[in-house]
Amino acid sequence: EAGVTQFPSHSVIEKGQTVTLRCDPISGHDNLYWYRRVMGKEIKFLLHFVKESKQDESGMPNNRFLAERTGGTYSTLKVQPAELEDSGVYFCASSRTREGIQYFGAGTRLSVL
Amino acid sequence: GQSLEQPSEVTAVEGAIVQINCTYQTSGFYGLSWYQQHDGGAPTFLSYNALDGLEETGRFSSFLSRSDSYGYLLLQELQMKDSASYFCAVRDHTGGFKTIFGAGTRLFVKA
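Protein chains in written order, with the working numbering: chain H, 80 to 192; chain G, 21 to 131.
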């Protein structure tokens, strides 16, 4: 069984540009989560999808961040326009049930210059 | 608010036992998880405690005391490959159902 995959693994962009991160969850996992870790701090929750619906997006920092999960399969997280403080590692995780173990991808390291 | 505290770094020698503590503050506590992350890798699930007591999985054990809002991860017979970051994470029901992570404990295992 393939794990959670994220693309790209690294992205370097300039302030003001747009970046789209992609996450492919484990097949059959209805629950998909986005997290971010900035500068060695805590892994911070961004949002939670159940299938294609946003269950909880209370962790999204502002309206420059847009997450989608069309069809309830893969998800994208778009940052537009990117700011310096958006730099960090963005993790995606998936679980079969809401209470189930979350399996993480290796993350996308985003550097905004 | 919601917060978790864990030490930033711990150093131990190969073959030893190390305990990583985690205290938490949350209003909708559901359970405590532990994750391991090697540099550049994905956080990997280690254990989960919903009830008070000790859960053992091989060389790793995890403990929870809900009354003390406290838990720990115990690693025995340390090996060099155990050098990694360890995160405690609380499942919280406040305003939704989310997982809140600590800042992680960096474990260095020396020969």
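Just so you know, even glycine gets a beta-carbon here, dropped at the ideal spot from N, CA and C.
Can you give the Cα-Cα distance for residue i and residue j, rounded to whole angstroms?
i      : j     : result
G:R86  : G:F80 : 20 Å
H:P140 : G:V30 : 32 Å
G:Y90  : H:E93 : 42 Å
G:V33  : G:Q99 : 8 Å
Does the Cβ of residue i have 16 or more other Cβ atoms within 10 Å, making it buried, or fewer, making it exposed?
i      : result
G:K118 : buried
H:K106 : Per the sequence shown, residue 106 of chain H should be read as Ser rather than Lys. Classification for H:S106: exposed.
G:D88  : exposed
G:P63  : buried
G:S53  : buried
H:I180 : exposed
H:N142 : exposed
G:T77  : exposed
H:V168 : buried
H:F128 : buried
H:S174 : buried
In three-state terms, what does DSSP make of residue i?
i      : result
G:G73  : strand
G:D88  : coil
G:L98  : coil
H:T149 : helix
H:L156 : strand
H:D109 : coil
Am I right that residue i and residue j are in contact with their C-beta atoms under 8 Å? What's the rounded C-beta distance?
i     : j      : result
H:V91 : H:V158 : Contact doesn't hold; Cβ gap of about 13 Å is too wide.
Are at least three pairs of beta-carbons, each pair with one atom in the stretch 94 to 104 of chain G and one in the stretch 118 to 130 of chain G, less than 8 Å apart? yes
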